[in-house]
Structure formats: C-alpha cells, structure tokens
Amino acid sequence: MGRRFVALCAVLLVGLLVPAPASAQEDGARPQGATLRIGLQQQIDSLNPFLGYTLAATDIFRNIYPTLTTYRAEDFAVEPELAERWDTSPDKLTWTFHIRPGVKWSDGQPVTARDAAYTFNRMMTDPAASTANGNFVENFDTVTAPDDRTLVVRTKTPQATMLAIDAPIVPEHVWSKVPDVASFTNDQMPVVGSGPFVLTGYRPEQDVTLTANPDFWRGPPKIAQLQFIQFKNSDAAVQALRKGDVDVVQKLTPAQFDALAGESDIQQVKGQGRRFFEMILNPGAANSENEPIGTGHPALKDVRVRQAIDHAIDRQALVDRVMGGYAQVGGGYLPPIFSDYHWNPPQPRAFDLAEANRLLDEAGYPRGEDGIRRTPQGEPLNFDFVLHGNRSEDIQVGEFVKRWLADVGIGVELQPVSDNQLNDRTTGGDFDMVISGWSANPDPDYVLRLQTCGARPSPGGGGNADTFLCDQQYDDLYNRQLGEFDKAKRVELVNQAQARFYDQAAGLILFYQNSLEAYRTDRYAGFTLQPADNGVIVAQQGYWGYYGAQPTEAAVSGSSGTDYSTVAWVLGGAVVLVGVVVALVIVRRRATADTRE
Numbered sequence: 001m002g003r004r005f006v007a008l009c010a011v012l013l014v015g016l017l018v019p020a021p022a023s024a025q026e027d028g029a030r031p032q033g034a035t036l037r038i039g040l041q042q043q044i045d046s047l048n049p050f051l052g053y054t055l056a057a058t059d060i061f062r063n064i065y066p067t068l069t070t071y072r073a074e075d076f077a078v079e080p081e082l083a084e085r086w087d088t089s090p091d092k093l094t095w096t097f098h099i100r101p102g103v104k105w106s107d108g109q110p111v112t113a114r115d116a117a118y119t120f121n122r123m124m125t126d127p128a129a130s131t132a133n134g135n136f137v138e139n140f141d142t143v144t145a146p147d148d149r150t151l152v153v154r155t156k157t158p159q160a161t162m163l164a165i166d167a168p169i170v171p172e173h174v175w176s177k178v179p180d181v182a183s184f185t186n187d188q189m190p191v192v193g194s195g196p197f198v199l200t201g202y203r204p205e206q207d208v209t210l211t212a213n214p215d216f217w218r219g220p221p222k223i224a225q226l227q228f229i230q231f232k233n234s235d236a237a238v239q240a241l242r243k244g245d246v247d248v249v250q251k252l253t254p255a256q257f258d259a260l261a262g263e264s265d266i267q268q269v270k271g272q273g274r275r276f277f278e279m280i281l282n283p284g285a286a287n288s289e290n291e292p293i294g295t296g297h298p299a300l301k302d303v304r305v306r307q308a309i310d311h312a313i314d315r316q317a318l319v320d321r322v323m324g325g326y327a328q329v330g331g332g333y334l335p336p337i338f339s340d341y342h343w344n345p346p347q348p349r350a351f352d353l354a355e356a357n358r359l360l361d362e363a364g365y366p367r368g369e370d371g372i373r374r375t376p377q378g379e380p381l382n383f384d385f386v387l388h389g390n391r392s393e394d395i396q397v398g399e400f401v402k403r404w405l406a407d408v409g410i411g412v413e414l415q416p417v418s419d420n421q422l423n424d425r426t427t428g429g430d431f432d433m434v435i436s437g438w439s440a441n442p443d444p445d446y447v448l449r450l451q452t453c454g455a456r457p458s459p460g461g462g463g464n465a466d467t468f469l470c471d472q473q474y475d476d477l478y479n480r481q482l483g484e485f486d487k488a489k490r491v492e493l494v495n496q497a498q499a500r501f502y503d504q505a506a507g508l509i510l511f512y513q514n515s516l517e518a519y520r521t522d523r524y525a526g527f528t529l530q531p532a533d534n535g536v537i538v539a540q541q542g543y544w545g546y547y548g549a550q551p552t553e554a555a556v557s558g559s560s561g562t563d564y565s566t567v568a569w570v571l572g573g574a575v576v577l578v579g580v581v582v583a584l585v586i587v588r589r590r591a592t593a594d595t596r597e
C-alpha cells in the first residue's frame, strides 16, 4: 500500500476526532444543572409515538407523553398516572377513567380526557396511527369524553388488559392539525408533551435531547437535561463511559461488563432483563389477505424443518460461550422476570443432531454425496440469516448456528445489516432466518398479539407481526386470555398459548439475556431501579430511572463543555473507519491474490 493512501486515511481519522462545537437548544443556551447522558446503541425508528416501536423510541416516549396508568418501580404493580382512579361496569364492558386535575402540556394547555379520547379514536380510525400500539384499541367499541376529567371506554367484549394500556397520549390541539400520521416526523422542536421531560433537540443518528419539565405533576426531575447519544457500536460507548463522556451505558456485552469490574468511578448494574433473544424462521409470510409476501424459503413452511433447526441449536452453549453466563436458557415466550406468566416446555426440544437429521429426512430433504441436503427440485438447501451488524452477540450466535446447521447438511449465509434494515426486512418477510427480540411488559398481551393472524400487515402495509405465524389454535387461546379476568385462569390460557407457539417453532427463544449496564459514580450517586430487586436503569416500564437520577455536585456544576454527542458519533465512526482501512489493506494485498431490533 502506498504512503499517499496511508496519509490520506490518517488525515481523515484525525479530522473525525476533532470535536465539533457543543450542541445546544435552539435558543443557544444549555439549562443550568446536571445533564444525564445515556449511551444509545440502537437506531430510533421514529419520534412519532404512533409509529415508533423500537426499544430506543419507546424509552423516549415514556419520558415525554402521559399514559393512563403506569407500572410501579418497586414491583411492576399497576398504579395511577394520568388517570388518578377508575371504575368498571359489572359486565366489564364500560371503563370510566377519572383524569388527574391540574396536569398541563408543556405549552401550558391543560391535559384533559378529550386528549385521551382523541388519541384512542385516532388509533381506531386511522390505520397509520395504529402502527405501534393498535392492539390496545382493537377491541374498543367507543371512546368518549363527556367532560374534561372523565374518559369513558366501552369495549366490544371484556378486555382484561384495560389497566395495561401503554399507549402514549398526545395533545389534541397539536395532532388534530396533522393530516397524515404516516409521514409526520414529529421533529419540530420543542415537541409538546406532559411527562417529566420535553423533547427539545434531535440530530438524526447523533443524539436526542430532552429538557426537564418544571410543571410535571409529580414535580420536576433532579436533572436539568437528559440526552440520548447515539453510538455505532458498544465498544465506542464503553470507551466514552471510561473517559467520562457519557454517564450510563446499557446493552454491555459480557466481556465489556466484566472488564469494567473495579474501574474507578464506574458502577456495574446487572439486572434481570425483560427481553427475549429470538431466532425467527419464516413460516411463509403473508399479509392479512393471506397473500404471500417476502422472500422466505418454502422449506421453512414445513414445521418439521423448523423443529429440526431447533434441535440443531445448543442453547446452553450460547448462554455459556456467547453470553458468558449472563443469560438464562430460552424456552417459553415470556421471560422469567415476569414469573406469573413465565412458562417452560415440560419436554423441551433438546440439542440433538440425530433427531434433526431424522426430521429433515422425513420432511423430504435428503443429503447428497457431498453431505449437502437438497430440495425436491435438486437445489442445495440454503438459508439466509439476517443479523444486527452492530451487535457482537448476533454475529457470534450466527456463527454457531451456521456451524451447527452445516452439521445437518444445511447451508447458511450470514447477512449482518443495520437496525433499520433488519426492521424493514423483518416486517416485509424478506428473510429466511432473522434475529429478533422484544421487551415484554408486565401484562403479556402486547407480545402475545405479535404472533396472531391479526398482527400481519394489510395489503397496503402497516401491521406489527413478529414471526408471521397465523395459527387458529393460537389465536383462539390469545382471544380467550384477553377476556379472562380470573388471574389463575388467565395464566393457564397464556401458558397454553406459549405451548402452542413453542410447538409451531416459528420463533425460537434462544435465551433471556441479563441487562448489563454501568454508570459514572463521580456524576451520579444512584438511580431508581425497576424492579427494586435485580432491576435496571435504562428501558424501564416507565420513566423511573431517569426521573429518579441523583446527580452529584460534579454533575450539577457541569464543568465540561465537550459536545459528547459528537465525541460519541466520532468514536463510532473512527472504529468504522479503522475497519474500512484494514479491509482496504486486505483487498490491496489480495489484489495479486459484507451486512437490523
């Protein structure tokens, strides 16, 4: 490689590492007080609360918009939020929510029952507005606000999830002027909300800035500003934490978490996660009209092939060798943190290559002399496997799965892509196998619905399907649990639904990862964890972690003027650039001799 090329790369790298001027609010001034800086390692799919559903987006929405109820920090129990109390009719069809008085939007307008009625009615009548949270209102018949403090919801059939409606409520006086929800980016600052924080700054793929709401009904937060800083990879985020350029980092890898043990001014947090790590096998993606969509391999329509793949995966090896023991072996659909609804298969499909081979033979995919299985048309049996390109655990899982499936005669092409590309390919059915995962709620209804026929997209788009499973037996169990108010009976129905989902093997729950976080103790003395026992700071079922942050004097004084968002983005870019330089070196040397939650 020539010296001129090396010099050019060095200039580019140095240029990237020069901090840009500090970002600020539109008025050019930072608020007085502490800024809590969160290292974000996931792309934000949308700032529109009707559209955004990734963990990064919903974490932001919970700090901006009200919900009728929330989940208590200590133990996930339902408690009042915008609705201070509620009543239900004897037939469980009419719910009356009494709205808390004195709550204001950040522009000074009162928050009323009419805002909630507007939000739910728009979700009921506008397909785009039902994208992220439409399942909450599917069973609603009418929603009215007879006065500013009374919201009346009448359902078509009894609905056991009425106190678990996690949909953000928006101000009618703002959103009624939005003719097209699907194209509304909601990025004109400041964004009107009524939560503990107000959205005041957004730079796509760099940072999101929230400012404390002094009129929040519980009282203002202890911090003046909350900033989510985007990183291209977790290594860059950890490096920024070590340097003091961010205050909290989540989604640490096991190796990163272990490496932070004993470091000065850094406290580790290991929590029981709400997420499950899932490998989806495309069972034949179709829209709501049963019209096939996407590019899924036809072999995966056969449940025997899907079960064979499951038998070829050693979950314990993934927990031990990929997650370093910071996870539990997967089985049922709902993670162990929600013990009431967690279910494990009584006879799990064990890691058994002989059984995998038997099922594949039975399904009609024989091995050739070269050991590769063939389709009935004589083509090699090969699947593409779509992964998050910026997550080391995805890449490692992919390599293990590729090796194990090769042992049973199936070829696998790993396709690491960006978060948004993976989302697009998953929702479009454009995959054979894909890594997915969701954060479950204390009430299991939201994630259970992802596997129903009704979650599939219409011919015009929309929908929020996970595996594209459409199974009448599963749907019947889902509908029955939705209307069951007896807790024990509902648990049994949810377990039966999980058993049916497990049997169909369209979504393989590989493991439930621990939530590994770390924060700067020189800037923050502590956080409110959810739950209190083995809880987490980031991505809670509410806003408790950020709202309860306790800044130190050093954080309040705000002595540093560095643009942390730029540093973060640059560090990520620097790592990428180094990768590009190395790749170019390899290409030059071989000249005489590839890549979505």
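Using full-length UniProt numbering, you'd call the opening residue of the sequence shown number 1 and step up by one each time.
Glycine included, C-beta positions come from ideal geometry on N, C-alpha and C.
Please read all numbers here as calculations on a predicted model, not as lab measurements.
When burial is assigned at 16 or more other CB atoms within 10 Å of the CB, is residue i buried or exposed?
i: F485; result: exposed
i: K232; result: buried
i: T58; result: buried
i: A167; result: buried
i: E289; result: exposed
i: R403; result: exposed
i: Q473; result: exposed
i: R321; result: exposed
i: T157; result: exposed
i: D384; result: buried
i: K251; result: buried
i: E278; result: buried
i: E81; result: buried
i: A259; result: exposed
i: G108; result: exposed
Check the C-beta distance from residue i over to residue j and give it rounded, since I have them as a contact under 8 Å.
i: K270; j: L529; result: Incorrect: roughly 11 Å between the Cβ atoms, too far for contact.
i: V386; j: L360; result: Contact doesn't hold; Cβ gap of about 22 Å is too wide.
i: W438; j: D394; result: Their Cβ separation, rounded to whole angstroms, is 15 Å, which puts W438 and D394 out of contact at 8 Å.
i: F76; j: P531; result: 6 Å
i: Y543; j: P196; result: 5 Å
i: D207; j: Q227; result: 6 Å
i: V440; j: P335; result: Looking at the sequence itself, residue 440 is Ala, so the reference to Val does not match. Their Cβ separation, rounded to whole angstroms, is 6 Å, which keeps A440 and P335 in contact under 8 Å.
i: S418; j: G461; result: Not quite, the Cβ-Cβ distance comes to about 20 Å (not below 8 Å), so this is no contact.
For the beta strand (DSSP E) that contains residue i, what are its first and last residues?
i: E362; result: Element bounds for E362: not the beta strand (DSSP E) but the alpha helix (DSSP H), 353–363.
i: T54; result: That residue, T54, is in no beta strand (DSSP E); it is neither H nor E in DSSP.
i: Q109; result: Element bounds for Q109: n/a, residue is neither H nor E.
i: G411; result: 411–417
i: P146; result: 140–147
i: K270; result: 266–271
i: Y519; result: 515–520
i: V103; result: Per DSSP, V103 belongs to no beta strand (DSSP E) and is neither H nor E.
Kindly list the residues whose CB is nearer than 6 Å to the CB of residue i, restricted to its own chain and excluding five residues on each side of it in sequence; keep chain order.
i: V170; result: T119
i: S130; result: M123
i: H311; result: R349, D352, E355, A356
i: L285; result: According to the sequence as given, residue 285 is Ala; it is not Leu. Counting only Cβ-Cβ distances below 6 Å, and skipping sequence neighbours, we find I293, G294, G296, G429, F468.
i: A7; result: At A7 the pLDDT is 37, less than 50, meaning the model places this residue with poor confidence and gives no usable figure here.
i: N48; result: F184, N186
i: G535; result: G271, L529
i: A568; result: In this prediction, A568 scores a pLDDT of 36, lower than 50, which makes its location untrustworthy; no coordinate-derived value is stated.
i: D443; result: T161, A164
i: V174; result: V192
i: A182; result: A128
From which residue to which residue does the alpha helix (DSSP H) around residue i run?
i: S234; result: 234–243
i: L448; result: 445–449
i: V174; result: 172–175
i: H311; result: 303–311
i: I395; result: 392–407
i: Y547; result: 544–547
i: residue 657; result: Outside the modelled stretch of the chain, which goes from 1 to 597, sits residue 657, for which no answer is possible.
i: A113; result: 113–125
Once you ignore the five residues that flank residue i on each side, which residues in its own chain have a CB closer than 7 Å to its CB?
i: F140; result: F120, M124, V153, T155
i: P551; result: A34, K222, I223, R523, Y524
i: D215; result: K104
i: L477; result: L493, Q496, A497, R500
i: L55; result: Q42, S439, A539, E597
i: R449; result: N135, A455, Y478
Can you list, in chain order, the residues of its chain with a C-beta nearer than 8 Å to that of residue i? Leave out the 5 residues immediately preceding and following it.
i: V575; result: Low per-residue confidence applies at V575: pLDDT is 34, beneath 50, and the placement is therefore not dependable, though the value from the model is reported in the following sentence. Taken in chain order, the residues that qualify are K232, N233, D235, A236.
i: D314; result: F351, F400, W404
i: Q316; result: V329, F351
i: D407; result: A312, L353
Entirely enclosed beta strand (DSSP E) segments - the segment 177–259, minimum 3 residues: Counting only runs of 3 or more, we get 197–203, 207–212, 225–230.
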